[in-house]
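What follows is one structure encoded as structure tokens, with my remarks underneath.
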Amino acid sequence: FTGPRPVLFAWHGTGETGIRFINRAKLQQFADRGFLVIAPDAANIGSFWPIWDAMRLPATASGPNSDVTMFDSLLDCAKSSMSIDTSRIFTVGHSAGGIMVNHMVRARSNVLAGGIAGSGVFDLTGPGGPPQPLDNMLVMVTWGGDNDKWSGATPGGTSVPEFSFVEQAFMASNYYSTQPNVDFVRVRGNNVGHRWLDYNDWYIDMMLAHPKGTPASHPIALAPLPAGAAASASTSVYPLVPSPQIDCPAT
């Protein structure tokens, strides 16, 4: 690879480390295409979900955030030691990492050229303060389909019987698709469960063709997903099926 390198900042999921997420999501493929891949380990300081500090109540959302500060510091370190393409800085994550992507593309939309929020909660991920339009960027929302659910325990032992990411994917895609400067793409798995949709070369092609400052197309032109992909890609919001209405009898 010659020339300044694009950057991929990767946020891992619950119970993982940075290197485990690199292996699970096959992020070596990004490095093979010239990206500098940065994948830190969480300090498990989140308040709502104790991995990354990505979800906060509005009253505290604009306060200092050490995970965002870490991003800034690691990026400055990379710039000081390598030739970095500052127009192609992207962020990706899955599950708890996808939550952090939903936070970062808003907290650092002036820096990031885009991101992939994989199966991430969208609620309470805003950076605080009055809503601001996002800078020009490419945002992809991915999830495994209607059976994208997670159950397990946090590092501190909090047990979660089951959580579905479908509604959160709808909320995220609904938000990003209405941002005037954002090229939005959703990739929905064909009910493959809670997993990273590893169509990485497809993502890379999209990212490299969309440096910071690229005017939004509305909709962006999509190449077909790889042959045999168990997923579909679209620039439209996923139509969420309403939950059944339950009327309780008067007592």
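Numbers given in the working numbering equal positions in the sequence shown, counted from 1, plus 19.
C-beta atoms are modelled at their ideal positions from N, C-alpha and C, and glycine is treated no differently.
The C-beta distance from F40 to G34 rounds to 10 Å, too long to fall under 8 Å, and the pair is not in contact.
Per DSSP, reduced to three states, the secondary structure at H229 is coil, with no helix or strand assignment.
8 Å or more divides the Cβ of F28 from the Cβ of I223. Around the C-beta of F20, fewer than 16 other C-beta atoms lie within 10 Å, and the residue is accordingly described as exposed. Nearest to V120 by C-alpha distance, out of P146, A62, S255 and T233, is P146.
In the three-state reduction of the DSSP assignment, I64 falls in the coil class, being assigned neither a helical nor a strand state. Pairing K231 with L46, the inter-Cα distance amounts to about 21 Å. In this structure D165 is not in contact with H213, their Cβ atoms being roughly 12 Å apart against a cut-off of 8 Å.
Of all C-beta pairs linking the segment 66–82 to the segment 139–156, three or more are shorter than 8 Å, placing the two stretches in contact. Under the DSSP assignment, H122 falls in the alpha helix (DSSP H) whose first and last residues are A115 to A126. A residue is called buried once 16 or more other Cβ atoms fall within 10 Å of its Cβ, and N219 is buried on that count. With a contact defined as Cβ atoms closer than 8 Å, I57 and S85 miss out at about 16 Å.
Under DSSP, the beta-bridge partners assigned to A136 are G112 and V160. Per DSSP, G171 is one residue of the beta strand (DSSP E) stretching across K168 to A172. Under the DSSP assignment, R43 falls in the alpha helix (DSSP H) whose first and last residues are G37 to R43. Straight-line spacing of the CA atoms in R205 and D154 works out to 19 Å. G134 and P174 have their alpha carbons spaced roughly 26 Å apart. Contact between P199 and W221 does not hold, since the beta-carbon distance rounds to 25 Å and is not under 8 Å. Excluding sequence positions up to five before and after P152, its CB lies within less than 8 Å of the CB of Q198, P199 and N200, all in the same chain and listed in chain order. Taking all protein chains shown into account, I38 has fewer than 16 neighbouring C-beta atoms within 10 Å of its C-beta and is therefore exposed.
Per the DSSP secondary-structure output, G208 pairs in a beta bridge with A250. Secondary structure of V130 (DSSP, three-state): coil. In this structure, I118 places its C-beta atom within 8 Å of the C-beta atom of W68. Separation of E186 and G208 (C-alpha to C-alpha, rounded to the nearest whole angstrom) is 14 Å. The Cβ atoms of F203 and V158 sit closer than 8 Å to each other.
D51 sits in a helix when the DSSP states are folded into three classes.
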